[in-house]
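Undergrad: Take this structure first; my questions come after.
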Amino acid sequence: MEAKEDLKEKLTESSPLIYSSDTTKLKGNVTNSKAKSCGNLVTFSALWITYLVVSVAYSILAPFYPQEAAKFNVSSLMVGFIMGASPLCVTFMSPIFGYFIPQIGLKFMMIAGCFLVGGSFLLLGFLVKMSSYFEFVFFSILLRVVEGIGSAGYITASFTIATILFPTKTGTVIGMLELGSGIGFAIGPPLGGFLYKIGGFFLPFLVTGSTVLVFIILFVLFVPDTKGTKQYVSPRTLLKFSMNVPFLLLILCHILVIASLGFFSPVMSLFLIDQFNLSEIYIGVIFFIGPAAYMLSSIVAGRLSDKLGPRYLIVGGLLLSGISFFFIGPAPFILNKSHVWLTCTSMAAVGIGIGFGIVPIFSDMLQVIRRIDPSATGDEMYGYLSGLSSAAYSCGEFLGPIIGGALAKIMSFQMSASIVGMFLLTEAILLLSVTVVDQFLPRLSAKI
-7 MEAKEDLKEK LTESSPLIYS SDTTKLKGNV TNSKAKSCGN LVTFSALWIT
43 YLVVSVAYSI LAPFYPQEAA KFNVSSLMVG FIMGASPLCV TFMSPIFGYF
93 IPQIGLKFMM IAGCFLVGGS FLLLGFLVKM SSYFEFVFFS ILLRVVEGIG
143 SAGYITASFT IATILFPTKT GTVIGMLELG SGIGFAIGPP LGGFLYKIGG
193 FFLPFLVTGS TVLVFIILFV LFVPDTKGTK QYVSPRTLLK FSMNVPFLLL
243 ILCHILVIAS LGFFSPVMSL FLIDQFNLSE IYIGVIFFIG PAAYMLSSIV
293 AGRLSDKLGP RYLIVGGLLL SGISFFFIGP APFILNKSHV WLTCTSMAAV
343 GIGIGFGIVP IFSDMLQVIR RIDPSATGDE MYGYLSGLSS AAYSCGEFLG
393 PIIGGALAKI MSFQMSASIV GMFLLTEAIL LLSVTVVDQF LPRLSAKI
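Per our numbering, the very first residue in the sequence shown carries number -7; after that it's consecutive.
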């Protein structure tokens, strides 16, 4: 009898709308449920808007910073290093922030991260006041590092909050955040060029930096306060993850997919000019095709991930993007002549494949972790995963242009793109093999 009462009490706690016999209490539960749902949507909206604004701030300096740096005799190689300082910093700091989220607290980490990003951008506007090459380079790197630390804290905390608010719709919320990020990266360069034209070097940084700082108010008002629990992911659990093949392949997949998108930055424009003699406007349009397709596919990929499961979507995305890389040039063993329409179509296919290859990864990593350690379901695990995901993303962001530039020195663009496609197809085959073993050979799966 006592066991029956205990069971009823647990069911009442988990499903108050079904098991409550008090009509007044039932209405109150419905009201509270609606209020909580509305509050979650408001919080997520604040996250999404700020995510977009931070992405705009991150990408706004691309059209004008290199030419200002040239006035101080800064080489293109050094400009590339300055640009890469921020994602490189995010790569190292995100896992650290993710691990210490339980102690620091999500709300504080978000506010502090945005403060560092906004403040560093405001100070970047004063670089033109520097009097020497050394001062310009030193403070550029310093401020980009500070920006990277802030970005690591903000991105890690925002991903964690989003997955905690909507634990059953992880793919959808990740897809929405990626959409906001994509829109921000698309708006940033043209907005930066416009502000630079009407107000010089300082205005773009003034507008974006102050906007990020103002948006901190959204977090103060709409993000719930979270106290540090000082409960960490145990070293034993971390060791289990680091020795799990599917988990490691998902991290590698995250890095490869983002790196493949960044591959185009140093080499694509030269290829388009050489092959088709296109103007800067048309080159910009072709550059936009891939990210635009990625933005649109990220929402679909997120929703399908929640409904169908993430793994086969990731494999399908890798296969689509990998095959498409062979046709961008195209590869000399496929066609002898390049065509604009084929390049544009392939760029769109790459963007769609990347959307399906990247958005479901967080959900898949979470499922793998729950299979390894069913008890690892607390907020500290969400924080650890968020930090790891943002680190992998930034690592790919840092490596992509380097890989593109290095391959361009030793082979043609057509062959370089084919090499990237081969990496993606290899990753797809490895991930598919592990998935088949996991589903149909469970005893063998337990060993890996």
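A virtual CB, placed ideally from N, CA and C, is assigned to each residue, including glycine. Keep in mind it's a predicted model, so treat the numbers as computed, not measured.
(1) Rounded to a whole number of angstroms, what is the C-alpha to C-alpha distance between G185 and L69?
(2) Is DSSP giving F158 helix, strand or coil here?
(3) Can you find the residues in the same chain that come closer than 6 Å, C-beta to C-beta, to S410, ignoring five residues on each side of it along the sequence?
(4) Taking only three categories from DSSP, how would you classify L53?
(5) Taking the Cβ atom as the reference point for each residue, do G345 and L310 lie within a distance shorter than 8 Å?
(6) Short of 7 Å in beta carbon distance, which residues of its chain neighbour A251, apart from the five on each side in sequence? Order them along the chain.
(7) What number of angstroms, rounded off, separates the C-alpha of V249 from the C-alpha of R136?
(8) In three-state terms, what does DSSP make of L270?
(9) Less than 8 Å separating the beta-carbons of A383 and V82?
(10) Starting from P238, trace the alpha helix (DSSP H) both ways and give me its first and last residue.
(11) Does I96 get closer than 8 Å to chain C when you measure Cβ to Cβ?
(12) In chain order, what residues of the same chain have a beta carbon less than 6 Å from the beta carbon of I350, not counting five sequence neighbours either side?
(13) If you drop the 5 nearest sequence neighbours on each side, which residues of the same chain put their C-beta closer than 6 Å to that of G140?
(14) Please name the residue, chosen from M339, F415, T162, that lies closest to F256 on a Cα-to-Cα basis.
(15) Quick one: using the 10 Å Cβ neighbour count with 16 as the cut-off for buried, is W40 buried or exposed?
(16) Between which residues of its own chain and Y304 is the CB-CB distance below 8 Å, once the five residues before and five after are set aside?
(17) Taking a contact to mean a Cβ-Cβ separation below 8 Å, would you say L98 touches T160 in this structure?
(18) Where does V206 land, buried or exposed, given buried means 16+ other C-beta within 10 angstroms?
(19) Give the C-beta separation of G117 and L183 to the nearest angstrom, bearing in mind that I take them to be a contact with Cβ-Cβ under 8 Å.
(20) Pick out whichever of S378, L187, A341, A400 has its Cα sitting closest to the Cα of L358.
(21) At the level of alpha carbons, what is the spacing between I265 and G174?
(22) Between V302 and D365, is the Cβ-Cβ spacing less than 8 Å?
(23) Ignoring anything shorter than 4 residues or poking outside the segment 175 to 222, list the alpha helix (DSSP H) runs there in chain order.
(24) With H, G and I counted as helix, E and B as strand and the rest as coil, what does DSSP make of S78?
(25) Quick one: residues in its chain with C-beta nearer than 6 Å to the C-beta of L262, no 5 flanking neighbours on either side, listed in chain order?
(26) Would DSSP call G321 helix, strand or coil?
(27) Helix, strand or coil: how does DSSP classify K19 here?
(28) If you scan the segment 278 to 342 from start to end, which runs of the alpha helix (DSSP H) of 4 or more residues do you find wholly inside it?
(29) My guess is that S289 and F348 are in contact by the Cβ rule of under 8 Å, so how many angstroms apart are they, rounded?
(30) Which of helix, strand or coil does DSSP assign to S386?
(31) How big is the Cα-Cα spacing for A62 and V120?
(32) Quick one: any contact between the segment 165 to 180 and the segment 291 to 301, if contact means 3 or more CB pairs under 8 Å?
(33) Once the 5 residues before and after V204 are set aside, which same chain residues still bring their CB inside 7 Å of it?
(34) Does F193 pass the burial test, meaning 16 or more other C-beta atoms within 10 Å, or should it be called exposed?
(35) So, with DSSP's three-state summary, where would you put P366?
(36) Assuming L423 contacts V332 (C-beta within less than 8 Å), just tell me the rounded distance between them.
TA: For this structure:
(1) Spanning the two alpha carbons is a distance of roughly 22 Å.
(2) It is coil, neither helix nor strand.
(3) Excluding sequence neighbours, S410 sits near F318, A323.
(4) Residue state, collapsed to three classes: coil.
(5) With contacts defined by Cβ atoms closer than 8 Å, G345 and L310 form a contacting pair.
(6) Answer for A251: G388, L391, G392, I395, listed in chain order.
(7) About 24 Å.
(8) Residue state for L270 is assigned as coil, using DSSP reduced to three classes.
(9) The beta carbons of A383 and V82 sit closer together than 8 Å.
(10) Annotation: the continuous alpha helix (DSSP H) that includes P238 extends over 237 to 254.
(11) In the displayed structure, chain C is absent; only one protein chain is listed.
(12) V249, listed in sequence order.
(13) When the five nearest sequence neighbours on each side are left out, the beta carbons in the same chain lying within less than 6 Å of the beta carbon of G140 are those of S78, C81, V82, in order along the chain.
(14) It is M339.
(15) That one is buried.
(16) If the five residues before and after Y304 are omitted, its C-beta is found closer than 8 Å to the C-beta atoms of T427, all from its own chain and listed in chain order.
(17) Contact annotation: L98 and T160 have beta-carbon atoms that are not nearer than 8 Å.
(18) That one is exposed.
(19) Incorrect: roughly 15 Å between the Cβ atoms, too far for contact.
(20) From the listed residues S378, L187, A341, A400, the smallest Cα separation to L358 is found for S378.
(21) CA-to-CA, the gap between I265 and G174 works out to about 26 Å.
(22) Val is not the amino acid found at residue 302; the sequence shown has Pro there. Contact: no.
(23) Restricted to the segment 175 to 222, the alpha helix (DSSP H) segments that are unbroken, complete and at least 4 residues in length are 194 to 206, 208 to 214, listed in chain order.
(24) Correct three-state label for S78: helix.
(25) Answer for L262: no residue qualifies.
(26) Of the three classes helix, strand and coil, the one that applies to G321 here is coil, per DSSP.
(27) In this predicted model, K19 has a pLDDT of only 40, less than 50, meaning its place in the structure is not dependable; the value taken from the coordinates is given anyway. The DSSP-derived three-state label of K19 is helix.
(28) Counting whole runs of 4 or more residues, the segment 278 to 342 contains the alpha helix (DSSP H) stretches 303 to 320.
(29) Confirmed, about 6 Å.
(30) S386 falls in the helix class under three-state DSSP.
(31) One C-alpha to the other measures close to 11 Å.
(32) Segments in contact, yes.
(33) Sequence-distant partners of V204 (beyond 5 residues in either direction) whose C-beta falls short of 7 Å from its own C-beta, in its chain, are V45, V46, A49, C106, V109, G110, F113.
(34) Label assigned to F193: buried.
(35) In the structure shown, P366 sits in coil (DSSP, three-state: anything other than H, G, I, E or B).
(36) Not really, about 33 Å apart at Cβ, beyond 8 Å.
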